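So the structure is just underneath, and the comments pick up after that.
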Amino acid sequence: MLLQIISQAKKHLSLIPLFIFIGAGGTGAVLYVLCLALFNPDVSWDRKNNPEPWNKLGPNDQYKFYSVNIDYSKLKKEGPDFLMKCFTIKLLTVKVFQKPSTQFSTYPGNISPLNA
């Protein structure tokens, strides 16, 4: 196929820019998809050892493809560490499926959305 493209380019010189731009666009698209697959924190290649790679990002990790005015090495951490252990313990202690109280209803009278 490459030989056919070269032979056509030799016969029709006006096709050379077309072949160059089509080749550059295809190569750029493949490289961009590879960059997203390898460096994007949303992609998890190893679910056993790293099930949530987006939680291990620091404030100075650049995960955008290109940033114009931000120097990621000078950023500081603004919030606490996300600890999955504390989150699951807190979630287990909260009664999630508790029936709402009718004393503090925001609906008029005795009507609640569960009794309707």
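When we follow full-length UniProt numbering, the leftmost residue of the sequence shown carries the number 1, and every step to the right adds one.
Beta carbons: idealized from backbone N, C-alpha and C, even for Gly.
Quick caveat: nothing in here was measured; it's all calculated off a predicted structure.
Anticipated Cβ contact below 8 angstroms, Pro-53 with Ser-44, distance rounded:
To locate residue 53, count along the sequence shown from 1; it is residue 53. To locate residue 44, count along the sequence shown from 1; it is residue 44. Between Ser-44 and Pro-53 the Cβ distance is about 5 angstroms, and since that is below 8 angstroms, they are a contact.
Where Phe-65 sits in the DSSP three-state scheme:
Counted from its first residue, the sequence shown places residue 65 at position 65. Coil.
Alpha-carbon to alpha-carbon, Thr-27 and Leu-34
To locate residue 34, count along the sequence shown from 1; it is residue 34. To locate residue 27, count along the sequence shown from 1; it is residue 27. Each residue's Cα considered, the two are about 11 angstroms apart.
Could you work out which residue in Leu-36, Tyr-32, Ala-37 and Leu-2 is closest to Ile-20 when comparing CA atoms only?
Here residue 20 is taken as the residue at index 20 of the sequence shown, counted from 1. Closest option to Ile-20, Cα to Cα, is Leu-2.
Val-33 lies in the alpha helix (DSSP H); which residues open and close that run?
Residue numbering aside, residue 33 sits at position 33 when the sequence shown is read from its first letter. Note, Val-33: alpha helix (DSSP H), 16-39.
Member of Leu-38, Ile-5, Leu-75 and Lys-74 whose CA lies at the smallest distance from the CA of Phe-65
As a position in the sequence shown, residue 65 is number 65, starting the count at 1. Among Leu-38, Ile-5, Leu-75 and Lys-74, the Cα nearest to that of Phe-65 belongs to Leu-38.
For a test of the three-state rule: what should DSSP assign to Pro-51, helix, strand or coil?
For this step, residue 51 is matched to residue 51 along the sequence shown. Pro-51 falls in the coil class under three-state DSSP.
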